Every structure is written in C-alpha cells, then in structure tokens.
Amino acid sequence: MGAKILLSLALTFLTQPCWAAQTGKKAAQKYFVKKGEEGRSTASTSITSAGNYKGLFTLSAGTLFASKSYNWAEQQSPTGWSLQLDYHRRLKSSFFATVYQLEMQKFQTSPREASKLSFLFGVTVPKNLEFPVYIGVAAGPGIFLKQLAGESLLTLDYKGFVGLRYNQDHSQFFLESGVKNHVNVLSDGQLSSWFLASGVAYKF
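Residue numbers (my numbering): 2 to 205.
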C-alpha cells in the first residue's frame with residue numbers, strides 16, 4: 002500500500018514540470034500573438050492617420066526679384082518684400098485643397114515707396130497637405146495703403162507658385178517660389194515679378 006502511494010506521488014512529481022512547461026509555452030505564445038496584433042494595429046493607425054490633417058495655418062516672408070513694371074513706376078525693376086498669412090483647407094470631395102491668403106507687400110520704387118494689402122483665394126495640388134511638393138494658383142483684389150501719385154488704389158492680383166514642404170509632427174517648414182502680378186483697376190499700371198518665400202505652418 003505504501004509503495005503504491007509513493008509511486009503515485011513520484012508520477013505526479015515527474016509529470017508536473019512537463020505540464021507547467023507546456024502551460025508556460027502556451028501563455029508565451031498567446032502573449033506574443035497579442036503584442037503582435039497590437040503592434041499591427043498601431044502601425045495601421047499610424048499609416049491611416051498620415052496625411053489626414055484637414056488644415057494648415059502658415060506664416061511666411063519673402064522677397065521680390067526680376068520685377069518688371071509697365072506704366073506704373075519710374076523704376077523699371079522695383080524691389081520689394083512681403084509678409085503672408087495663409088489658411089489651407091483640404092476638401093474631401095475633390096483632388097485639390099483651397100487656400101485663403103492675406104498678403105502685405107512693400108515696394109521700393111526709387112525714390113518713392115508703395116505698400117499694398119491683398120486678399121487672395123486659390124487652390125493647391127495635391128490635396129494632401131503633407132505631400133512634400135505642391136503647386137498652386139491664387140487670385141483676388143488688392144488695395145494700396147500707400148500708392149504712387151496718380152495711380153489706382155485698387156488692383157487685381159494673381160499668382161502661380163510651387164513649394165516644398167518639410168514635415169514635423171504638428172508643423173512644417175516650407176519654401177515657395179513663383180510669379181505674381183498685379184494690374185491696376187482704375188489706371189493702366191502693372192507689375193510682374195518673381196518671388197521667393199519661406200515660412201512655418203501649423204497642422205490641425
């Protein structure tokens with residue numbers, strides 16, 4: 002009788018480590034499978050969220066070069082600089098994004114100066130506001146805060162541009178260049194110039 006009890010205890014002792022090892026192996030497999038699923042879910046969420054920002058606020062400063070004036074200033078190639086505030090909005094139902102621009106420009110038309118405020122509406126392609134390269138066009142009215150004598154205070158402004166973006170988590174640095182033009186509404190003056198601008202953007 003005692004021998005049977007000892008034999009039963011011995012068998013239990015010998016089989017227990019094997020069962021525990023098997024249980025530990027299954028637990029480890031379940032753990033790593035769960036972690037793998039969580040990792041794939043996180044990666045999928047990251048990929049899905051990339052490029053999902055719906056808007057941008059940008060602030061930039063730029064300079065004018067290779068300008069050409071027509072019946073507007075005594076100086077044929079006036080210089081100048083600009084400050085610009087933009088609001089970009091991505092549209093779900095189209096392949097482009099819209100942009101609203103408020104631009105302040107100052108012109109040096111020796112020996113005088115002129116300054117102008119412009120309100121422009123435009124579009125950019127592609128609509129993904131994080132894509133590293135984009136192109137766009139914009140147009141709208143302008144009003145001279147300080148104008149040359151005898152020239153119209155109201156203008157029609159339009160521009161075409163191309164830009165490069167460098168993305169951070171919630172911000173961007175960008176470089177933009179293109180050509181812009183303004184035509185005086187109540188007189189025959191006109192200015193065409195190239196511009197180069199850089200700035201920062203906040204993504205939301």
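Positions of the beta carbon are idealized from the N, C-alpha and C atoms, including for glycine. Every value quoted in this text rests on a predicted model; they were computed, and no experiment measured them.
Report yes if the CB atom of residue i is closer than 9 Å to the CB atom of residue j, and no otherwise.
{"i": "Lys-117", "j": "Thr-59", "result": "no"}
{"i": "Gly-56", "j": "Tyr-88", "result": "yes"}
{"i": "Phe-174", "j": "Tyr-54", "result": "no"}
{"i": "Ser-78", "j": "Ala-198", "result": "no"}
{"i": "Glu-104", "j": "Asp-158", "result": "yes"}
{"i": "Phe-122", "j": "Ala-139", "result": "yes"}
{"i": "Ser-70", "j": "Leu-192", "result": "yes"}
{"i": "Ser-172", "j": "Ile-144", "result": "no"}
{"i": "Phe-196", "j": "Phe-66", "result": "yes"}
{"i": "Leu-86", "j": "Gln-102", "result": "yes"}
{"i": "Ser-153", "j": "Lys-128", "result": "no"}
{"i": "Thr-80", "j": "Thr-99", "result": "no"}
{"i": "Gln-169", "j": "Ala-115", "result": "no"}
Name the DSSP bridge partner or partners of residue i?
{"i": "Gln-106", "result": "Ser-83 and Lys-117"}
{"i": "Ser-199", "result": "Ala-62 and Leu-176"}
{"i": "Lys-204", "result": "Leu-57"}
{"i": "Phe-122", "result": "Tyr-101 and Ala-140"}
{"i": "Lys-93", "result": "Beta-bridge pairing links Lys-93 to no other residue."}
{"i": "Gln-76", "result": "In DSSP, Gln-76 forms no bridge with anything."}
{"i": "Val-184", "result": "Leu-157 and Gln-191"}
{"i": "Ser-70", "result": "Leu-192"}
Original post:
Okay, do the stretch 173 to 180 and the stretch 151 to 165 touch, 3+ Cβ pairs below 8 Å being the bar?
Top reply: yes
**OP:** Inspect the CB distances between the stretch 106 to 116 and the stretch 125 to 136 and report whether three or more fall short of 8 Å.
**Re:** no
Subject >> Length-filtered (3 minimum) beta strand (DSSP E) runs lying within the stretch 124 to 173 >> reply: 134 to 147 and 155 to 168
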